[in-house]
Amino acid sequence: MDSIDAVWAALAQHRQEIESTNLNQLFAENAGRFDSFAMRLDNELLVDFSKNLVTHRTLELLRCGAELSGFKSKRASMLRGEKINITEKRAAMHTALRAPRDTMIEVDGRDVAGEIHEVQERVCAFAEAVRTGGAVGFCGKAFTDIVHIGIGGSVLGPAMIIEALVPYHHDSVRVRFVSNVDGAHLHDTLKGLDPGTTLFLIASKTFTTQETMLNATSARRWIVDGLGEDAVSSHFGALSTNLEAANAFGIPADRVFSFWNWVGGRYSLWSAVGLTVAIAIGAAGFRALLAGARRMDDHFASAPLDQNIPATLGLIGIWYRSVLRYSSHAVVPYDQRLSRFSAHLQQVDMESNGKSVRLDGTPVGVPTAGVLWGEAGTNVQHSFFQFLHQGTDVIPCDFLVAATPHENMVGHHDVLIAHCLAQSQALMTGRAVSDTKAMMVAAGAAEDEAAMLAPHRAFPGNRPSTTMVYRRLDPRTLGMLIALYEHKVFTQGVLWGVNSFDQWGVELGKELAGRLLGFIQGKEVEGMDASTRGLIREIRRFRGE
Ligand code: F6P
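FYI, in the numbering used here the residues of the sequence shown are 1399 to 1943.
Below, the structure written as structure tokens:
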């Protein structure tokens, strides 16, 4: 094959082969299927791809597609800091944030490794000062509550990580997040807080995002009302690339932690935006998180395609989305503390690859990113799993589970693991109508009753999943898992030929909201569609205006 179009055609052809077999048969034909489809990273992570609707031929074709799409050179370009984000003329160098100190990292011909580590040192030192009471508020009191204000990539990663790493939290410094411009979010968060012991961290790459700036301004007013204007500089920190705007807000230079425009918002948790994480779990924990991601970066950069975990996850995802046309993908951690994991991944995945045109502006031609969704098991077994097992759509799932828990809660973890493995097994094996009927009759049901109920109680099976098992959910493991999905998304973007690093799709809504605000506040606006005009008129009527 000599072009990606030929690969798509071969994959479409191959689809018929896969549809003429099923997972039960693939396992029956190959006793070594688990061993040949499972991949390990060190002794820390196992990813079992064997329950996917793929054969070695499927993976061969997908890898051929990767080669023909320039996967290796594009991966090298990203890691070298070339401006692969061509629509914004920027590099996408989040991997540099977790690279070792002695790595040469060039952006625009300048070695930025020194700057990266200098900021990291400041982040870690300030985090430790907050944790130990060395950094204090205006009245000289230690901070007990950190309110991190941001939205999108400036909040999703830190919020997910902090929830995931509860066993590593500081005893007396609590962290909260405010993202929504809905005043209820800030209002409810501030309830019961003492301005004298509250530190606000304003996380915004641009320091212009309307929601974040409005929340920050209201938080500022709360501090001024409680402690006076002079207290602002002691109760705010900024995590941003826009140092001028942060200073203009009243945040002194020593409380501004900077990063660079080559860090995409959805990757910014590895930058100064991670300060909140460092406060919650300590500098050593934050460094372990970075080290875990670095381990995954090294693996992604060097492992051959047929042993490369993120690339394989990405390629199988492409097979499901672009060839088998499955509309969504569920990520289901059997790990309560990862209940925000899929919310973070939604931005990483759908903001990156929810695109319809290739780098050259032409249509992609195959479906790109589907809907990514999920929540923690076992809760989900009592909400959407009915749909996964018996609904009309096939939804591939990723299951994540730790081998060992942090707590010593007798019996809980074994039950959790049993449920996790049972779900992927049930999705795969299913239960035919005839077997279901025979089972019911054997249990004493009448023939006609069993015949009537069997179609309702049967399972189609042949529903694919990937299971990831890690030793324990610690900072290093979490870093590996996050980076694994980042590189999966990169791999998919390469095959689809899209720019995974811009997000122009969020702009139109922002522009229109700016115009509508005036109308909502009473100004006349020309040229508005009848529905929007009608809705605003009704809202104003409800408000008695
Ligand atoms: O949703 C669009 C977006 O630009 C994200 O990419 C980003 O994470 C978020 O808005 C917040 O932007 P900022 O960090 O500049 O406030």
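Every residue gets a Cβ at the ideal spot worked out from N, C-alpha and C, and that includes glycine. It should be emphasised that the depicted structure is a prediction, and the values quoted were computed from it without experimental measurement.
Check: Can you tell me whether DSSP reads residue 1868 as helix, strand or coil?
Finding: Residue 1868: strand per DSSP, three-state reduction.
Margin query: Please state whether the Cβ-Cβ distance between residue 1797 and residue 1724 is less than 8 Å.
Written below: With respect to the 8 Å criterion, residue 1797 and residue 1724 are not classified as neighbours on the basis of their beta carbons.
Item checked: residue 1351 versus 1601, 1543, 1560 and 1580, residue with shortest Cα-Cα distance -> Past the boundaries of the shown model lies residue 1351; the chain is included only from 1399 to 1943, so the question cannot be answered.
Margin query: Just to confirm, is the Cβ distance from residue 1800 to residue 1871 under 8 Å?
Written below: Yes, they are a contact pair.
Check: Less than 8 Å separating the beta-carbons of residue 1775 and residue 1727?
Finding: Annotated as distal: residue 1775 and residue 1727, with beta-carbon spacing of 8 Å or more.
Check: Under 7 Å from any heavy atom of the ligand F6P, does the C-beta of residue 1550 make it?
Finding: Yes, Cβ of residue 1550 sits closer than 7 Å to a heavy atom of the ligand F6P.
Check: Hey, is residue 1901 close to the ligand F6P, as in C-beta under 7 Å from one of its heavy atoms?
Finding: Result yes, Cβ under 7 Å from the ligand F6P.
Notebook entry, point to check: Around the Cβ of residue 1394, are there at least 16 other Cβ atoms within 10 angstroms (buried) or fewer (exposed)?
Noted result: Any property of residue 1394 remains undetermined from this structure, which presents the chain solely from 1399 to 1943.
Check: DSSP state of residue 1442, grouped into three classes?
Finding: Note: residue 1442 maps to coil in three-state DSSP.
Notebook entry, point to check: Helix or strand or just coil, what does DSSP make of residue 1738?
Noted result: Here residue 1738 carries a coil assignment [DSSP, helix/strand/coil].
Notebook entry, point to check: Taking 7 Å as the cut-off, is the CB of residue 1579 close to at least one heavy atom of the ligand F6P?
Noted result: Residue 1579: no, Cβ never under 7 Å from the ligand F6P.
Item checked: Spatial distance of residue 1586 from residue 1653 (CA atoms) -> When rounded, the distance between both Cα atoms is 26 Å.
Margin query: Going by DSSP in three states, residue 1683 sits in which element: helix, strand or coil?
Written below: Here residue 1683 sits in helix by DSSP.
Item checked: Where residue 1724 falls: helix, strand or coil (DSSP) -> DSSP places residue 1724 in the coil class of the three-state scheme, outside both helix and strand.
Next item on the list: Pull up the distance between the alpha-carbon of residue 1830 and that of residue 1772, whole angstroms please.
Entry: If I take the Cα positions, the gap works out to 27 Å.
Notebook entry, point to check: For residue 1664, is the beta carbon positioned less than 7 Å from some heavy atom of the ligand ADP?
Noted result: The ligand ADP is absent from the structure shown, which contains only the ligand F6P.
Margin query: On a Cα-Cα basis, can you pick out the residue from 1861, 1438 and 1643 that is closest to residue 1611?
Written below: Answer by Cα proximity: 1643.
Next item on the list: Express the C-alpha separation of residue 1479 and residue 1902 in angstroms, rounding to a whole number.
Entry: Distance between the alpha carbons of residue 1902 and residue 1479 is about 21 Å.
Margin query: Can you tell me whether residue 1654 is helix, strand or coil according to DSSP?
Written below: Reduced to three states, the DSSP call for residue 1654 is strand.
Check: Over what stretch of residues does the beta strand (DSSP E) that includes residue 1546 continue unbroken?
Finding: Residues 1543–1547.
Check: Between residue 1674 and chain D, is there a C-beta pair that is closer than 8 Å?
Finding: Among the chains in the structure shown there is no chain D, since it carries only a single protein chain.
Next item on the list: Could you tell me whether the stretch 1485–1501 touches the stretch 1650–1666, using the rule of 3 or more Cβ pairs below 8 Å?
Entry: They touch, by the three-pair rule.
Margin query: Check whether the stretch 1667–1682 and the stretch 1524–1543 touch, using three or more Cβ-Cβ pairs below 8 Å as the test.
Written below: Contact between the stretch 1667–1682 and the stretch 1524–1543 is present, with at least three C-beta pairs closer than 8 Å.
Check: How about the stretch 1579–1595 and the stretch 1667–1677: do they share at least three Cβ pairs that are nearer than 8 Å?
Finding: No, they do not touch.
Checklist line | Spatially closest choice to residue 1603 from 1670, 1857, 1625 and 1595, by CA coordinates | finding: Scanning 1670, 1857, 1625 and 1595 for the CA closest to the CA of residue 1603 turns up 1670.
Next item on the list: Would you check whether the ligand F6P has a heavy atom nearer than 7 Å to the C-beta of residue 1749?
Entry: Within 7 Å of the C-beta of residue 1749 there is at least one heavy atom belonging to the ligand F6P.
Margin query: Does the distance between the C-beta of residue 1603 and the nearest non-hydrogen atom of the ligand F6P fall short of 7 Å?
Written below: Distance from the C-beta of residue 1603 to the nearest heavy atom of the ligand F6P is below 7 Å.
Notebook entry, point to check: Whose C-alpha, out of 1517, 1747 and 1748, is nearest the C-alpha of residue 1668?
Noted result: Here the closest residue by C-alpha is 1517.
Next item on the list: Check residue 1500 in the structure and name its three-state DSSP category.
Entry: Coil.
Checklist line | Sequence-distant residues of its chain with Cβ nearer than 7 Å to residue 1564 (five each side left out) | finding: Contacts found: 1735.
Next item on the list: Assuming residue 1866 contacts residue 1443 (C-beta within less than 8 Å), just tell me the rounded distance between them.
Entry: Contact between residue 1866 and residue 1443 is confirmed by a C-beta separation of about 7 Å, below the 8 Å threshold.
Note to self: Distance check for residue 1521 and residue 1605, CA to CA, integer angstroms please.
What the structure shows: Approximately 18 Å, taken between the alpha carbons.
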